[in-house]
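Reading through the structure tokens given below for one structure.
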Amino acid sequence: MKAHNGMRPHDLVVLLKIIASDRDWLNKDLAASLFISNSEISESLNRSMIAKLISPDKRVVFKTALYNFIEHGLKFVFPAEPGAVVRGVPTAHSAPILKDYFIAEDHYVWASPEGKVKGQAINPLYPNQVKAALADEKLYNMLALVDAIRVGKVREQKKALELLRQSFESVYA
1 MKAHNGMRPH
11 DLVVLLKIIA
21 SDRDWLNKDL
31 AASLFISNSE
41 ISESLNRSMI
51 AKLISPDKRV
61 VFKTALYNFI
71 EHGLKFVFPA
81 EPGAVVRGVP
91 TAHSAPILKD
101 YFIAEDHYVW
111 ASPEGKVKGQ
121 AINPLYPNQV
131 KAALADEKLY
141 NMLALVDAIR
151 VGKVREQKKA
161 LELLRQSFES
171 VYA
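Note that the sequence shown ends on residue 173 in UniProt numbering; no numbers are left out.
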């Protein structure tokens, strides 16, 4: 196992994908669905195990620990600054999971030719995130909530945390 050099942004996405998955998975399944190499999935799971976000057998995400990291550390460890106005896929409070809760003039998007909304660009946590999110609605919703925590105001962050907690609790129900 390589030395632990801290979490990487896509490690969070790997853990969210495991939570969103409604079936048993293999590393190769995660790699294919997230458009990440098999070796990077393995290294990601190792980093998450060292950070105590996943069980030693790398099969069970410690949801409470992950939630606490997202609530208290995410915006400091993986901050996001809105960028230029571009066409893309809605995220944060502009995403379908949150847009009915807030009236906002500003929109946030992940830059993408598949997108139909113009808004300020939010850099995804890793390069193929948009592709992976568009293929998995549960993952998309979780990533949009994570972005609301990264860039949102207090009210948006609170609602995103509430919905994220609900999604963590309901995934296996």
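Note that the Cβ used here is the ideal one computed from N, Cα and C, for glycine as well.
CB of residue i within 8 angstroms of CB of residue j, strictly
{"i": "E114", "j": "V89", "result": "yes"}
{"i": "A148", "j": "E156", "result": "yes"}
{"i": "residue 176", "j": "V146", "result": "As shown, the chain starts at 1 and ends at 173. That puts residue 176 outside it, with no answer to give."}
{"i": "F78", "j": "P124", "result": "no"}
DSSP three-state assignment for residue i, whether helix, strand or coil
{"i": "A173", "result": "Because the pLDDT of A173 is 39, which lies under 50, any placement of that residue in the model is unreliable, and the question is left without a value."}
{"i": "K158", "result": "helix"}
{"i": "Y108", "result": "strand"}
{"i": "V117", "result": "strand"}
{"i": "V60", "result": "coil"}
{"i": "I54", "result": "strand"}
{"i": "R23", "result": "coil"}
{"i": "R8", "result": "coil"}
{"i": "P79", "result": "coil"}
Nearest candidate by alpha-carbon position, reference residue i, set the options
{"i": "E140", "options": "Q129, L161, E71", "result": "A small fix is needed here, since residue 140 is Tyr in this sequence, not Glu. It is Q129."}
{"i": "A111", "options": "K99, I97, A135, V85", "result": "V85"}
{"i": "N68", "options": "V109, A51, R47, A20", "result": "A51"}
Cβ-heavy atom distance, residue i to the ligand FMN, below 7 angstroms
{"i": "I103", "result": "The model depicted lacks the ligand FMN and carries no ligand whatsoever."}
Own chain partners of residue i with C-beta closer than 8 angstroms, once the 5 adjacent residues on each side are dropped
{"i": "I18", "result": "W25, L30, I54, V61"}
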